[in-house]
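Enquirer: Read in order, the letters of the sequence shown correspond to residues 105 to 214 in my numbering. Every residue, glycine too, gets a C-beta built ideally from N, C-alpha and C. Computed from a predicted structure; not experimentally measured.
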Amino acid sequence: MGPLAGPVTNNRVERLNQTIKKRAKGAVHFNDQKGVETFMKAFEIFYNFIRPHSALGYVTPAEKAGIARKTSWYELISLACKGSSEDSTCLKTTAAVKRRMNLVSSTSES
């Protein structure tokens with residue numbers, strides 16, 4: 105077992121898994137592996153650049169790391185899709201996932 109093994113790390117990983125499941129539940133129907141990958145890319149953007157974390161003093165991980173950009177969802181999605189062989193498909197699909205994530209977020213918080 106390496107330095108990453110232990111109850112604290114396990115709790116953090118389990119909490120992240122719970123967060124991902126909550127966001128995905130009812131929001132997205134995955135038809136294939138590409139759909140899962142697109143959802144995870146959108147979630148990664150949301151989690152690291154948009155969502156403030158209480159454990160970090162209510163700033164995003166990007167802000168904490170000093171790499172934050174004041175930017176729109178569309179710009180973040182564009183950056184995430186750069187280099188993809190199917191840029192336009194990536195942009196459309198990731199934007200659709202973002203809309204669904206916002207819907208799940210607003211309904212689960214009420």
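Please check the pair residue 166 and residue 153, which I expect to be a contact at CB under 8 Å, by giving their CB distance rounded to whole angstroms.
Expert: 5 Å between Cβ atoms; contact.
Enquirer: Give the range of the alpha helix (DSSP H) segment to which residue 154 is assigned.
Expert: First-last for residue 154: undefined, no H or E at that position.
Enquirer: Identify every residue that forms a DSSP beta bridge with residue 117.
Expert: Answer is none; residue 117 lacks a bridge partner.
Enquirer: In terms of residues, what are the limits of the alpha helix (DSSP H) holding residue 181?
Expert: Taken as a continuous stretch (DSSP letters only), the alpha helix (DSSP H) holding residue 181 covers 177–185.
Enquirer: In whole angstroms, what is the alpha-carbon distance linking residue 126 and residue 156?
Expert: About 17 Å.
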